[in-house]
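**Student:** Let me give you the structure first, and then I'll get to my questions.
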Amino acid sequence: MSDLAKRMSLIKPSPTIAVTDKANRLKSEGKKICVLAAGEPDFDTPDHIKKAAIQAISEGKTKYTAVDGTREL
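Residues in the sequence shown are numbered from 1 upward in steps of one, following the numbering used here.
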């Protein structure tokens, strides 16, 4: 076996892809699954969240929040 083949055999499957595959399999079995493994939900953003995001942008709230949190929350 070549050095490249040996190194390639050490590569493990992505845990994120494994979770996504499992979620998709469960979904195909009829289970209600919200797939977030890849960071993208499989549903549209609710309207109240869209409106809040637009308002935040209009108010200039476009920076990272303070490390110690947001007082209003």
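Ideal Cβ positions, reconstructed from N, Cα and C, are used throughout, including at glycine.
Can you tell me which of the three DSSP states D21 falls into?
**Tutor:** In the sequence shown, counting from the first residue as 1, residue 21 sits at position 21. Residue state, collapsed to three classes: helix.
**Student:** Does P13 come out as helix, strand or coil in the three-state DSSP assignment?
**Tutor:** Here residue 13 corresponds to residue number 13 of the sequence shown, with the count starting at 1. It is coil, neither helix nor strand.
**Student:** If you draw a straight line from the alpha carbon of Q55 to that of M8, how long is it in whole angstroms?
**Tutor:** As a first step, residue 55 must be located in the sequence shown, where it is residue number 55. As a first step, residue 8 must be located in the sequence shown, where it is residue number 8. Between Q55 and M8, the C-alpha separation is close to 49 Å.
**Student:** Using three-state DSSP, classify M1 as helix, strand or coil.
**Tutor:** For the purposes of this step, residue 1 is taken as residue 1 along the sequence shown, with counting starting at 1. Correct three-state label for M1: coil.
**Student:** With DSSP run on the structure shown, which of helix, strand or coil describes D68?
**Tutor:** Along the sequence shown, one-based indexing puts residue 68 at 68. Correct three-state label for D68: coil.
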